[in-house]
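Everything on this sheet refers to the single structure shown next.
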Amino acid sequence: MRPIRTSYAQDLTLLPTTGSRVRVALVTGVALAIPAFAGEFYLGELAAVFIFAIAGVGMMLLSGYTGLVSLGQAAFLGIGAYTNAVLLARGVPLILSLPSGAMLAGLAGVAIGIPTLRMSGLYLAIATLAFGSIVGTIFQKWEGVTGGFGGFPVVSPTLGPLILDSPRGLYFLSLAMLGLVLLVAANILRSPLGRSLVAIHGSEISAQSMGVNLAVTKTLSFAISAAITGLAGGLFAHYVHFLAPDSFDLVLSIQFVTMIVVGGLGSLSGAIYGAIFIRLLPQGIALLRDDLPLGIGHMPGLEPSLFGLILVLFIIFEPQGVAGRLSKIAHYWSAFPLHRRATFQRQKSYTRSERVR
Amino acid sequence: MLETARVIQIILNGTAVGCIYGLVALGFVLIYKTTETVNFAQGDLMMLGGFLAFTLIAKVGLDYWLGFLLTIVFMAAFGYLLDALVLRRVIGQPQFAVFMLTLGLGFIFRAAAGIVWGYDAVSFPTPFTGRVLDFGGIVVSANNLSILVGTVGLCAVLYLFFSRTRLGVAMQASSQNQLAAYYMGIPVRTVFSLTWAISAAVAAAAGVLLAPVALVDVNMGFLGFKAFAAAVLGGFGSIPGALIGGVVVGIVEQVAGYSLPAGFRDVTANAVLLGVLVLRPQGILSQTMRKKV
Chain A
628 MRPIRTSYAQ
638 DLTLLPTTGS
648 RVRVALVTGV
658 ALAIPAFAGE
668 FYLGELAAVF
678 IFAIAGVGMM
688 LLSGYTGLVS
698 LGQAAFLGIG
708 AYTNAVLLAR
718 GVPLILSLPS
728 GAMLAGLAGV
738 AIGIPTLRMS
748 GLYLAIATLA
758 FGSIVGTIFQ
768 KWEGVTGGFG
778 GFPVVSPTLG
788 PLILDSPRGL
798 YFLSLAMLGL
808 VLLVAANILR
818 SPLGRSLVAI
828 HGSEISAQSM
838 GVNLAVTKTL
848 SFAISAAITG
858 LAGGLFAHYV
868 HFLAPDSFDL
878 VLSIQFVTMI
888 VVGGLGSLSG
898 AIYGAIFIRL
908 LPQGIALLRD
918 DLPLGIGHMP
928 GLEPSLFGLI
938 LVLFIIFEPQ
948 GVAGRLSKIA
958 HYWSAFPLHR
968 RATFQRQKSY
978 TRSERVR
Chain B
2 MLETARVIQI
12 ILNGTAVGCI
22 YGLVALGFVL
32 IYKTTETVNF
42 AQGDLMMLGG
52 FLAFTLIAKV
62 GLDYWLGFLL
72 TIVFMAAFGY
82 LLDALVLRRV
92 IGQPQFAVFM
102 LTLGLGFIFR
112 AAAGIVWGYD
122 AVSFPTPFTG
132 RVLDFGGIVV
142 SANNLSILVG
152 TVGLCAVLYL
162 FFSRTRLGVA
172 MQASSQNQLA
182 AYYMGIPVRT
192 VFSLTWAISA
202 AVAAAAGVLL
212 APVALVDVNM
222 GFLGFKAFAA
232 AVLGGFGSIP
242 GALIGGVVVG
252 IVEQVAGYSL
262 PAGFRDVTAN
272 AVLLGVLVLR
282 PQGILSQTMR
292 KKV
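Listed below in structure tokens is the structure:
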């Protein structure tokens with residue numbers, strides 16, 4: 628239940644209800660406790676979940692809140708990853724190289740954000756797609772720096788006395804970064820900037836009439852999103868240990884989009900649910916592979932088809948994703964036993980043309 | 002003289018490739034023009050059409066033209082059912098959601114095709130295979146010519162269909178305002194399903210025409226991304242625009258492939274695309290208008 632409002636400050640608190648405070652504390656506690664009993668392999672996979680969740684938060688700010696669709700997120704991830712790896716190889720400490728990757732990715736975000744200011748929807752999607760492909764080609768062709776198709780080995784990072792060579796080290800590092808990014812994102816969202824982002828999603832014209840500077844806000848949204856994704860990229864470099872230019876392609880960008888749709892557009896926790904889904908689904912399939920009847924587990928196209936099927940089912944039955952479903956369940960129990968079936972019934976509606984804008 | 006001939010040859014090859022992009026882009030545009038949704042599975046529909054034609058022509062042993070016709074009929078029925086059973090459920094949801102839905106459908110089609118037809122590239126004989134026409138030093142293969150003629154013909158027919166027939170106008174009306182179209186007595190849902198049928202048929206035609214040039218395989222659908230770029234370049238929602246966009250992308254690719262070192266072909270096409278979009282954010286033949294406040 629939401630508490631009764633008694634002051635305006637209440638609208639701005641990060642965690643408004645006791646429930647949410649308990650939940651965050653619980654999740655943090657569990658995340659800190661896991662390394663005590665989980666094996667190295669699972670810690671590595673969980674670190675990947677955190678890394679994807681960071682990238683998901685970046686994407687969520689851009690697509691989920693500002694409503695700008697980007698199919699070029701993999702490029703930002705790649706920029707972050709390469710910058711971090713190249714700087715580390717030249718002897719720059721991690722504490723500088725990781726933020727540098729984020730900064731450079733953020734600048735790339737500005738570079739794509741400004742020329743695409745007048746675009747929206749499809750046109751933006753295809754422009755970012757083209758941008759992603761161009762950056763991908765740069766990774767391949769700039770052999771002096773990136774090593775081209777030969778790949779680029781990533782040096783093990785050290786943080787003062789800590790050597791983050793093991794999955795365990797990466798686990799804690801990415802967990803800390805995820806916490807930081809979530810805090811930053813949540814704070815952005817309750818600031819005027821965050822409100823403007825959501826306003827732009829609603830209607831650019833109304834946002835403009837209310838005094839939102841569209842150009843500045845949209846570019847900022849791109850920059851922040853790209854910087855967060857670049858940070859995830861720096862960590863990603865340590866997860867894969869070896870950078871190959873073709874791993875930052877359209878497929879990865881589409882994975883990011885899928886991640887936030889399945890997780891739930893317009894909620895930060897959705898990014899985490901989406902990351903869990905996208906990283907753990909292949910693992911789940913691998914675990915079940917031998918137990919499935921009729922040899923289904925060994926069909927070659929199982930993973931992508933299951934991936935596609937789940938995406939389709941989500942959009943048809945739960946367009947608000949996992950986060951939306953969870954909030955409905957929460958509402959059911961908070962109203963228990965007075966839940967009305969019609970509370971969340973979707974209204975029949977028709978598509979409004981996006982050609983007039 | 003030799004230089005000129007070579008330039009013309011490159012442009013001609015580019016036009017032929019571009020026509021395929023244009024043909025797939027046409028499918029995108031048709032669906033967008035009516036239902037205002039983007040079908041990202043368009044390339045995969047083309048792939049299904051190609052495989053179906055392979056089964057009918059190479060496996061069952063039907064005549065090429067009969068196989069072509071049957072493929073188109075089957076794929077049209079498939080498109081109709083796809084809309085009636087799946088896409089109709091998401092009417093009214095944001096464009097983004099539908100876009101993701103078709104992306105998911107594309108994954109499923111690809112996996113299904115892999116299971117049914119396997120992962121090897123296949124091909125089938127056509128009446129055009131191996132025949133070459135020579136116009137005073139400029140060589141055109143009959144395959145490329147069939148693509149060119151097929152694309153321009155289909156474009157013309159569809160253009161007239163949209164501007165002259167009752168159904169075509171009804172489709173345009175449904176696109177502009179679904180509710181108003183419904184009030185005017187247009188069966189919007191049936192119109193949508195018919196659009197999907199036509200679009201799937203166009204995709205099937207593209208698949209069959211493309212099969213002799215590029216082999217049919219599961220990942221053929223990725224060509225859809227280039228076609229998507231072509232459609233956007235031309236101004237999404239414009240039929241001549243799709244063709245123009247396709248040809249532009251095709252020619253740029255060929256010229257870049259000829260004059261730049263290997264590996265820069267795709268990136269040039271993308272750079273041109275980005276450049277055009279920066280100058281004209283709504284594509285070459287813009288279909289959008291600014292809302293008045």
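Here the protein sequences line up with chains A and B, keeping their order. Heads up: take any position in the first sequence, counting from 1, add 627, and you land on the working numbering. Heads up: take any position in the second sequence, counting from 1, add 1, and you land on the working numbering. Ideal Cβ positions, reconstructed from N, Cα and C, are used throughout, including at glycine.
Original post:
Hey, is N271 of chain B's beta-carbon within less than 7 Å of any beta-carbon in chain A?
Top reply: Look at N271 of chain B: its C-beta is under 7 Å from a C-beta on chain A.
Subject >> C-beta neighbour in chain B for M746 of chain A, strict 7 Å >> reply: Contact of M746 of chain A with chain B is assigned, a C-beta pair being separated by under 7 Å.
**OP:** Within the same chain, show all residues whose beta-carbon is closer than 7 Å to that of M2 of chain B, passing over the 5 residues directly before and after it, in chain order.
**Re:** Only weak support exists for where M2 of chain B lies, its pLDDT of 48 falling under 50; the value from the coordinates is given anyway. Here the set comprises nothing.
**OP:** Note the first and the last residue of the continuous alpha helix (DSSP H) segment covering S896 of chain A.
**Re:** Taken as a continuous stretch (DSSP letters only), the alpha helix (DSSP H) holding S896 of chain A covers 895-915.
Original post:
Where do the ends of the alpha helix (DSSP H) carrying S142 of chain B lie?
Top reply: That residue, S142 of chain B, is in no alpha helix (DSSP H); its beta strand (DSSP E) goes 139-142.
Original post:
Along chain A, in chain order, which residues have C-beta atoms closer than 8 Å to that of G264 of chain B?
Top reply: In chain order: T764, Q767, K768.
**OP:** Label R165 of chain B either buried or exposed according to how many other C-beta atoms from any shown protein chain fall within 10 Å of its C-beta, with 16 as the threshold for buried.
**Re:** Of the other Cβ atoms in all chains shown, fewer than 16 fall within 10 Å of the Cβ of R165 of chain B; this residue is therefore exposed.
Original post:
Listed in chain order, which residues of the stretch 928-951 of chain A have Cβ atoms closer than 7 Å to some Cβ of chain B?
Top reply: Answer in chain order: G928, P931, S932, F934, G935, L936, L938, V939, I942, I943, P946.
Original post:
Given that P282 of chain B touches chain A, what residues does it touch there, using C-beta distances under 7 Å?
Top reply: The contact set of P282 of chain B on chain A, defined by CB atoms closer than 7 Å, consists of R745, M746, Y750 in chain order.
Subject >> Neighbour flag for L286 of chain B against chain A, beta carbons, 7 Å >> reply: So no, L286 of chain B is outside the interface.
Original post:
Just checking my contact of A207 of chain B with L24 of chain B at CB under 8 Å: how many whole Å lie between their CB atoms?
Top reply: Between L24 of chain B and A207 of chain B the Cβ distance is about 4 Å, and since that is below 8 Å, they are a contact.
Original post:
Got a sec: which bits of the stretch 106-118 of chain B sit with their beta carbon under 9 Å from any beta carbon on chain A, in order along the chain?
Top reply: Interface annotation for the stretch 106-118 of chain B against chain A: L106, G107, F108, I109, F110, R111, A112, A113, A114, G115, I116, criterion Cβ-Cβ distance under 9 Å.
Original post:
Would the beta-carbon of A174 of chain B fall within 7 Å of that of V30 of chain B?
Top reply: Taking 7 Å as the Cβ cut-off, A174 of chain B and V30 of chain B do not qualify as a contacting pair.
**OP:** Specify the secondary structure class of V214 of chain B as computed by DSSP and reduced to three states.
**Re:** Looking at V214 of chain B - three-state DSSP - the assignment turns out to be coil, as it is neither helix nor strand.
Original post:
Assuming S833 of chain A contacts A826 of chain A under a Cβ cut-off of 8 Å, what Cβ separation, rounded to an integer in Å, is found between them?
Top reply: Between S833 of chain A and A826 of chain A, the beta carbon gap of about 7 Å places them in contact (Cβ cut-off 8 Å).
**OP:** Apply the 10 Å Cβ neighbour rule to N40 of chain B and answer buried if 16 or more other Cβ atoms are within range, or exposed otherwise.
**Re:** So N40 of chain B ends up on the buried side.
Original post:
Among B:V192, B:S260, B:I187, which has the Cα closest to the Cα of Y33 of chain B?
Top reply: The residue with the shortest Cα to Cα distance from Y33 of chain B is B:V192.
Subject >> V949 of chain A - DSSP class collapsed to helix/strand/coil >> reply: In this structure, V949 of chain A counts as helix in the three-state DSSP scheme.
**OP:** Pick out whichever of B:G225, B:P95, B:I58 has its Cα sitting closest to the Cα of T127 of chain B.
**Re:** In this structure, B:I58 is the residue among B:G225, B:P95, B:I58 with its C-alpha nearest to the C-alpha of T127 of chain B.
Original post:
Going by Cα to Cα distance, which pick from B:Y183, B:M172, B:Q179 is closest to I199 of chain B?
Top reply: Among B:Y183, B:M172, B:Q179, the Cα nearest to that of I199 of chain B belongs to B:M172.
Original post:
Three-state secondary structure (DSSP) at L63 of chain B?
Top reply: In the structure shown, L63 of chain B falls within a coil segment according to DSSP collapsed to helix, strand and coil.
Subject >> Secondary structure, alpha helix (DSSP H): runs of 4+ residues fully inside the stretch 154-179 of chain B >> reply: Runs of the alpha helix (DSSP H) inside the stretch 154-179 of chain B: 167-177.
Original post:
In or out: P188 of chain B buried (at least 16 other Cβ within 10 Å) or exposed?
Top reply: Exposed is the call here.
Original post:
Which residues of chain B have a Cβ atom closer than 7 Å to the Cβ of P742 of chain A, listed in chain order?
Top reply: Within 7 Å Cβ-Cβ: V279.
Original post:
Near A658 of chain A, what residues of its chain come up, given a Cβ to Cβ distance below 8 Å and the 5 sequence neighbours on each side ignored?
Top reply: Cβ neighbours of A658 of chain A beyond the five flanking positions: L802.
**OP:** Could you tell me whether the Cβ of V888 of chain A comes closer than 7 Å to any Cβ of chain B?
**Re:** Yes, V888 of chain A counts as interfacial toward chain B.
Subject >> Start-to-end residues for the beta strand (DSSP E) that takes in F136 of chain B >> reply: First-last of the beta strand (DSSP E) with F136 of chain B: 133-136.
Original post:
Buried or exposed: I986 of chain A, going by 16 or more other Cβ atoms within 10 Å of its Cβ?
Top reply: Residue 986 of chain A lies beyond the range of chain A shown here (628 to 984); nothing can be said about it.
Original post:
Checking contacts by CB at 7 Å: is V268 of chain B closer than that to chain A?
Top reply: Yes, because at least one Cβ of chain A sits closer than 7 Å to the Cβ of V268 of chain B.
Subject >> Local conformation of P964 of chain A per DSSP, three classes >> reply: P964 of chain A carries a coil assignment under DSSP once its states are collapsed to helix, strand and coil.
Subject >> Within 7 Å, strictly: CB atoms of T773 of chain A and F779 of chain A >> reply: In this structure, F779 of chain A lies closer than 7 Å to T773 of chain A by Cβ.
**OP:** Determine, using beta-carbon pairs with one atom in the stretch 691-705 of chain A and one in the stretch 880-892 of chain A, whether at least three such pairs fall under 8 Å.
**Re:** Contact between the stretch 691-705 of chain A and the stretch 880-892 of chain A is established, with three or more Cβ pairs separated by less than 8 Å.
Original post:
What residues are listed by DSSP as bridge partners for V123 of chain B?
Top reply: Paired residues: B:V217.
Subject >> Alpha-carbon to alpha-carbon, S852 of chain A and P726 of chain A >> reply: Rounded to whole angstroms, P726 of chain A to S852 of chain A spans 14 Å at the Cα level.
Original post:
Would you say Q43 of chain B reaches chain A, if we count a Cβ-Cβ gap shorter than 7 Å as a contact?
Top reply: Chain A, which has no Cβ nearer than 7 Å to the Cβ of Q43 of chain B, makes this no.
**OP:** Leaving aside the five residues before and after Q767 of chain A along the sequence, list all residues of the same chain whose C-beta is less than 7 Å from its C-beta, in chain order.
**Re:** Answer for Q767 of chain A: G775, F776, P872, listed in chain order.
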